[in-house]
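J.:
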Amino acid sequence: MARTFAKIQYALPLFALLALAACGTTPPPTDALARAQAQVESARAAGARDYAPVDLGFAEQKLDAAKAAMAAKKYADAADLADEAGVAGELARARARLAKLRAEVQDRTAENARLRAEMLDRAAAAPAAAGSAPAAASSSVQLPQIELAPAPAGSTPRPAGSQGTTDGGQP
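In structure tokens, the structure reads:
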């Protein structure tokens, strides 16, 4: 029994020391906080205030909460919140970029439709202005006239109703 008591006597302080070391100090997450701040700034620069305000607001809230946890020396919570703020900032930046690209596509589609309508209007107006002249004649490039040689006598196709028929349309 004395041996068991001696083992416990040495083991108990060792476990207490390990528990204190494990629960002890978590270093302040300054790097995570700096990355989160950079992501939120990047989202702002990408126009997230205009194109993704909800996502940007969420990222800013998480960043503020991370700063508050850091001030309260709750470093584990601050690290988690900083990571969430960084991801939310990245999402806000991506959504802002997507919205900008969609707006650009919409603008270009409208411009293409306008140009197509203008081209069709010009094509319709060109024959009317030139009388019965074809639309190609109004362009600046003149194409040469091509004369076709007559087809050989046996190569002309028969009328549709008489091809290969011998009696009243039956083959």
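For the sequence shown, this note's numbering assigns the number 24 to the initial residue and increments by one for each residue that follows.
Don't be surprised by glycine CBs; every beta carbon is placed ideally from N, CA and C.
1. From Glu-134 to Val-63, what distance separates their C-alpha atoms?
2. Residue ranges of each beta strand (DSSP E) run of no fewer than 3 residues wholly in the region 103-127, ordered along the chain?
3. So what does DSSP say about Gly-70, is it helix, strand or coil?
4. Counting pairs of beta carbons, one from the region 70-78 and one from the region 49-57, are three or more of them closer than 8 Å?
5. With the cut-off set at 7 Å, would you say Ala-89 and Leu-138 are in Cβ contact?
6. Expressed to the nearest angstrom, what Euclidean distance is found between the alpha-carbon atoms of Gln-23 and Arg-120?
7. Is it right to say Ala-142 is buried, meaning 16 or more other beta carbons lie within 10 angstroms of its own, or is it exposed?
8. With a cut-off of 8 Å on the beta carbons, I'd call Ala-82 and Ala-115 a contact; round off their distance for me.
9. Look up Ala-75 in the DSSP assignment and say whether it is helix, strand or coil.
10. What is the rounded straight-line gap between the Cα of Met-93 and the Cα of Ala-108?
T.: Taking the coordinates as given:
1. Numbered from 1 along the sequence shown, position 111 holds the residue referred to as residue 134. Numbered from 1 along the sequence shown, position 40 holds the residue referred to as residue 63. Straight-line Cα distance between these residues: approximately 34 Å.
2. none
3. Position 47 of the sequence shown, counted from the start, is the residue given in the question as residue 70. Residue state, collapsed to three classes: coil.
4. no
5. Numbered from its first residue, the sequence shown carries residue 89 at position 66. Numbered from its first residue, the sequence shown carries residue 138 at position 115. Contact flag unset, no.
6. A question about residue 23 goes unanswered here, because the residues of the chain that appear run from 24 up to 194.
7. The count along the sequence shown starts at 1 and reaches residue 142 at position 119. Before going on, a small fix: residue 142 reads as Met here, not Ala. By the neighbour-count rule (16 or more Cβ atoms within 10 Å), Met-142 is not buried but exposed.
8. Within the sequence shown, the letter at position 59 stands for residue 82. Within the sequence shown, the letter at position 92 stands for residue 115. The Cβ separation is near 5 Å, so the contact holds.
9. Within the sequence shown, the letter at position 52 stands for residue 75. Looking at Ala-75 - three-state DSSP - the assignment turns out to be coil, as it is neither helix nor strand.
10. One-based indexing of the sequence shown puts residue 93 at position 70. One-based indexing of the sequence shown puts residue 108 at position 85. Approximately 14 Å, taken between the alpha carbons.
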